[in-house]
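One structure is given below, encoded as structure tokens.
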Amino acid sequence: MQNHIIADAPYPLKRWLLTTFRDNGRMTGEHRSYNHYHSSNRVVIETAFARLNWMQTRLKLQLI
1 MQNHIIADAP YPLKRWLLTT FRDNGRMTGE HRSYNHYHSS NRVVIETAFA RLNWMQTRLK
61 LQLI
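Put into structure tokens, the structure is as follows:
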């Protein structure tokens with residue numbers, strides 16, 4: 001099993017770094033679909049980190 005990192009389009013494409021397709025006027029339906037799922041996954045990951053951050057802050061406040 002290989003691990004990958006999900007990143008924004010400005011990052012260069014690497015074997016271990018998944019980025020979205022840039023819209024240069026020639027995107028196919030498959031490219032749009034990939035970008036949609038990529039974006040959806042990024043939202044899930046960002047939400048998870050936000051919740052972890054909130055939980056960590058909440059725990060620190062309870063310890064004070």
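FYI, the UniProt record's numbering numbers position 54 of the sequence shown as 54, with every residue one higher than the one before it.
Beta carbons are placed, not taken as given, at the ideal position from N, Cα and C, and that holds for glycine.
Computed from a predicted model, the values in this text were never measured in an experiment.
Determine the burial state of Thr-57: buried for a count of at least 16 other Cβ atoms within 10 Å of its Cβ, exposed for fewer.
Mapped onto the sequence shown, residue 57 falls at position 57. It counts as exposed.
Buried or exposed by the 16-neighbour rule on C-beta atoms within 10 Å, applied to Thr-20
In the sequence shown, the residue the question calls residue 20 occupies position 20. The residue in question, Thr-20, is buried, as its Cβ has 16 or more Cβ neighbours within 10 Å.
Which residue from Trp-16, Lys-14, His-31 and Arg-15 puts its Cα closest to that of Arg-22?
Here residue 22 corresponds to residue number 22 of the sequence shown, with the count starting at 1. The shortest Cα separation from Arg-22 among Trp-16, Lys-14, His-31 and Arg-15 belongs to His-31.
Alpha carbon to alpha carbon, what distance is there between Ile-6 and Ser-33?
By 1-based counting over the sequence shown, the position of residue 33 is 33. By 1-based counting over the sequence shown, the position of residue 6 is 6. Their Cα atoms are separated by approximately 16 angstroms.
Assuming Asn-35 and Trp-16 make a contact with CB atoms under 8 angstroms, what is their CB distance in whole Å?
Stepping through the sequence shown from its first residue, residue 35 is reached at position 35. Stepping through the sequence shown from its first residue, residue 16 is reached at position 16. The pair is not a contact, with the Cβ atoms about 19 angstroms apart (cut-off 8 angstroms).
Would you report the Cα separation of Leu-52 and Met-27, rounded to the nearest angstrom?
Position 52 of the sequence shown, counted from the start, is the residue given in the question as residue 52. Position 27 of the sequence shown, counted from the start, is the residue given in the question as residue 27. Rounded to whole angstroms, Leu-52 to Met-27 spans 36 angstroms at the Cα level.
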